[in-house]
Amino acid sequence: MGLLKSIAQIRPSKKTEESKPNLNFEEEKVTYHQDGFSTSKSCQGRPENLQSGLEAIYHKFENKCREAEIEQTKLKQPYETELKGKKTILLNKGEELSREKKRLEDVEEKIEKLKSDIVNVRRNPHDYGIPVDRRSSSKFWIGLVLLAFLTVYTFIFYISTSFSAFFRTFDPSVELFGGMFYPQALQEAYDAGYLELGFILFIPFVFFGLGYLIHMFWHKPTVGNIIKVVMLFVTTFIFDALLAYLIDEKLYNLNKTFEDPDFSISLALSSPSFWVIIFAGFVSYVIWGLVFDFVMKEHSDRDKIQNFVVSLEQEINNHLQSIQKYKQIIETVENVISDIKVRCTELENIIEGFILPIRNYKALSSEYLQGWQECISSQIALGHDETKAYLNECRAVYDTHIKELDLDTDTYQNKVYSKTL
Numbered sequence: 001m002g003l004l005k006s007i008a009q010i011r012p013s014k015k016t017e018e019s020k021p022n023l024n025f026e027e028e029k030v031t032y033h034q035d036g037f038s039t040s041k042s043c044q045g046r047p048e049n050l051q052s053g054l055e056a057i058y059h060k061f062e063n064k065c066r067e068a069e070i071e072q073t074k075l076k077q078p079y080e081t082e083l084k085g086k087k088t089i090l091l092n093k094g095e096e097l098s099r100e101k102k103r104l105e106d107v108e109e110k111i112e113k114l115k116s117d118i119v120n121v122r123r124n125p126h127d128y129g130i131p132v133d134r135r136s137s138s139k140f141w142i143g144l145v146l147l148a149f150l151t152v153y154t155f156i157f158y159i160s161t162s163f164s165a166f167f168r169t170f171d172p173s174v175e176l177f178g179g180m181f182y183p184q185a186l187q188e189a190y191d192a193g194y195l196e197l198g199f200i201l202f203i204p205f206v207f208f209g210l211g212y213l214i215h216m217f218w219h220k221p222t223v224g225n226i227i228k229v230v231m232l233f234v235t236t237f238i239f240d241a242l243l244a245y246l247i248d249e250k251l252y253n254l255n256k257t258f259e260d261p262d263f264s265i266s267l268a269l270s271s272p273s274f275w276v277i278i279f280a281g282f283v284s285y286v287i288w289g290l291v292f293d294f295v296m297k298e299h300s301d302r303d304k305i306q307n308f309v310v311s312l313e314q315e316i317n318n319h320l321q322s323i324q325k326y327k328q329i330i331e332t333v334e335n336v337i338s339d340i341k342v343r344c345t346e347l348e349n350i351i352e353g354f355i356l357p358i359r360n361y362k363a364l365s366s367e368y369l370q371g372w373q374e375c376i377s378s379q380i381a382l383g384h385d386e387t388k389a390y391l392n393e394c395r396a397v398y399d400t401h402i403k404e405l406d407l408d409t410d411t412y413q414n415k416v417y418s419k420t421l
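Residue 368 in my numbering sits at position 368 of the sequence shown; the count goes up by one each step and never skips.
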């Protein structure tokens with residue numbers, strides 16, 4: 001029984017403690033009501049006096065809020081909680097910003113390294129695992145110049161010898177050199193017809209095609225390819241021998257007498273002009289093929305370097321895209337950090353300032369107005385219309401007072417006065 005009695009005694013006291021703040025506020029409302037009544041009575045309820053009375057109770061309420069530390073601590077608690085959360089986010093964002101900047105620096109260093117590699121690989125390709133001669137570029141251009149001159153010579157030789165062997169009529173004044181190289185070959189072939197012109201124009205490409213095939217087969221030196229190369233050389237030699245035989249025959253017949261035998265293979269093999277024509281064409285063709293093979297090889301080496309450079313440039317482009325991505329992330333994070341810092345400053349100023357509970361003030365000031373109007377209605381001798389006009393004018397003064405203080409809203413319950421204010 002003693003324990004139950006103790007519990008019964010504790011419960012009412014707790015309820016009394018919990019309701020005490022509400023009772024205090026209700027008592028305060030009564031006080032404001034009475035203050036409004038007495039002040040109105042002393043000044044006959046004049047609206048202009050109501051304005052000064054409202055200003056006085058507002059400053060009184062404001063000073064009281066500033067001095068109420070426990071209440072201010074309670075009101076500031078949400079802002080302090082938000083500030084702690086913002087500082088945690090700020091710390092995390094700072095770490096994220098450092099990581100992204102480090103990634104950006106790493107990518108920029110990689111790009112500089114790749115640009116340096118592009119320059120160095122042309123000088124020392126072996127350092128990058130490319131088995132080529134670093135002088136391949138100069139060799140390529142020298143070989144290309146020689147190949148160009150040899151190509152022109154081959155064109156001239158085969159155009160002249162082909163026309164002389166198949167279409168030209170020799171006169172007795174023609175010598176060996178004139179039999180091989182005939183300046184009027186193109187003009188006379190054109191006069192003879194398009195077939196003749198096309199034949200002598202395109203026959204050099206047959207030899208160039210044979211040279212290209214030799215290069216391709218020799219590029220992969222298998223037994224079958226070696227046999228093909230030998231057959232191509234034999235074919236080229238036979239064709240050159242045929243041209244030399246026809247030209248040498250025409251030159252022989254110009255000086256032939258009745259006692260001289262007919263031109264034959266045995267006579268051709270013993271004729272110096274026959275071999276001169278062969279070697280003027282075949283040897284130059286072989287040289288052209290060797291130079292062509294050399295140029296293609298050097299070009300292949302240059303391609304290895306160029307392909308490596310292209311791969312480095314592609315890698316640089318990929319890194320540049322990553323840089324743009326990182327810069328966007330960094331900019332976004334910096335903006336977030338900037339916004340958080342601004343908000344943290346606002347919260348710190350709020351916490352160092354004070355908070356005005358406008359809902360409480362509106363309740364108290366409303367009680368003050370009611371007391372003022374009650375006095376007008378009951379204590380001041382006025383006509384019905386004058387009383388009504390007084391009451392309406394007092395209400396307008398109150399509404400103006402609330403509006404000037406920016407308290408005429410229901411969207412927020414407290415008004416914050418920060419440190420800067």
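All C-beta atoms in this analysis are idealised placements derived from N, C-alpha and C, irrespective of residue type, glycine included.
Whose C-beta lies closer than 7 Å to the C-beta of N22 among residues of the same chain, with five residues either side of it excluded? For the purposes of this step, residue 22 is taken as the residue at position 22 of the sequence shown. Caution applies to N22, whose pLDDT of 47 falls short of 50 and renders its modelled position unreliable; the model cannot decide the point.
Top-ranked residue by Cα proximity to G45, from D408, R395, E404: Along the sequence shown, one-based indexing puts residue 45 at 45. Ranking D408, R395, E404 by Cα distance to G45 puts R395 first.
Any idea if A389 is buried or exposed, counting beta-carbon neighbours within 10 angstroms, 16 or more meaning buried? Locating residue 389 in the sequence shown gives position 389, where the first residue counts as 1. Answer is exposed; the Cβ neighbour count stays below 16.
What's the call for Q373, buried or exposed, on a 16-neighbour Cβ count within 10 Å? In the sequence shown, the residue the question calls residue 373 occupies position 373. If you draw a 10 Å sphere on the C-beta of Q373, you find 16 or more other C-beta atoms in it, and that means buried.
CA-CA distance, V429 and Y212? For residue 429 there is no data in the structure shown, the boundaries of the chain being 1 and 421.
For Q306 and L242, the rounded distance between their alpha carbons: Taking the first residue of the sequence shown as 1, we reach residue 242 at position 242. Taking the first residue of the sequence shown as 1, we reach residue 306 at position 306. Distance between the alpha carbons of L242 and Q306: 44 Å.
Using only CA atoms, which one of I351, D408, I118 lies nearest to S365? The residue labelled residue 365 in the question sits at position 365 within the sequence shown. Among I351, D408, I118, the Cα nearest to that of S365 is on D408.
Which two residues bound the contiguous alpha helix (DSSP H) that contains T222? The residue you call residue 222 lines up with position 222 of the sequence shown. Per DSSP, T222 belongs to no alpha helix (DSSP H) and is neither H nor E.
Between M296, N253, N349, D248, which lies nearest to F274 when the distance is taken from Cα to Cα? Position 274 of the sequence shown, counted from the first residue, corresponds to residue 274. In terms of CA proximity to F274, D248 leads the group M296, N253, N349, D248.
L150 beta carbon less than 8 Å from that of S284: The residue you call residue 284 lines up with position 284 of the sequence shown. The residue you call residue 150 lines up with position 150 of the sequence shown. For S284 and L150, yes; Cβs fall inside 8 Å.
Can you tell me where the alpha helix (DSSP H) holding I265 begins and where it ends? Residue numbering aside, residue 265 sits at position 265 when the sequence shown is read from its first letter. Start and end: 265-269.
Name the two residues that bound the continuous alpha helix (DSSP H) containing C43. As a working mapping, residue 43 is identified with position 43 in the sequence shown. No alpha helix (DSSP H) contains C43, which DSSP labels as neither H nor E.
According to the neighbour-count rule (16 or more other Cβ atoms, all chains shown, within 10 Å of its Cβ), is K220 buried or exposed? Along the sequence shown, read from residue 1 onward, the residue named residue 220 stands at position 220. That one is exposed.
Using a Cβ-Cβ cutoff of less than 8 Å, which residues in the same chain neighbour E367 once the five nearest sequence positions on both sides are dropped? The count along the sequence shown starts at 1 and reaches residue 367 at position 367. So the qualifying residues of the chain are K29, V30, Y32, H33, G36.
Kindly confirm or deny that the stretch 286-296 and the stretch 80-93 touch, where touching means at least three C-beta pairs closer than 8 Å. no
Just verifying my parser: in three-state terms, what is the DSSP assignment at L407? For the purposes of this step, residue 407 is identified with residue 407 of the sequence shown, where counting begins at 1. The answer is coil: DSSP assigns L407 none of H, G, I, E or B.
If you measure between the beta carbons of V119 and F308, is that distance less than 8 Å? For the purposes of this step, residue 119 is identified with residue 119 of the sequence shown, where counting begins at 1. For the purposes of this step, residue 308 is identified with residue 308 of the sequence shown, where counting begins at 1. No, the pair does not count as a contact, with Cβ atoms beyond the cut-off.
Which of helix, strand or coil does DSSP assign to L356? Translated into positions along the sequence shown, residue 356 becomes position 356. The answer is strand: DSSP assigns L356 an E or B state.
Just the Cα atoms here: how many angstroms apart are R123 and I130? Here residue 123 corresponds to residue number 123 of the sequence shown, with the count starting at 1. Here residue 130 corresponds to residue number 130 of the sequence shown, with the count starting at 1. Distance between the alpha carbons of R123 and I130: 11 Å.
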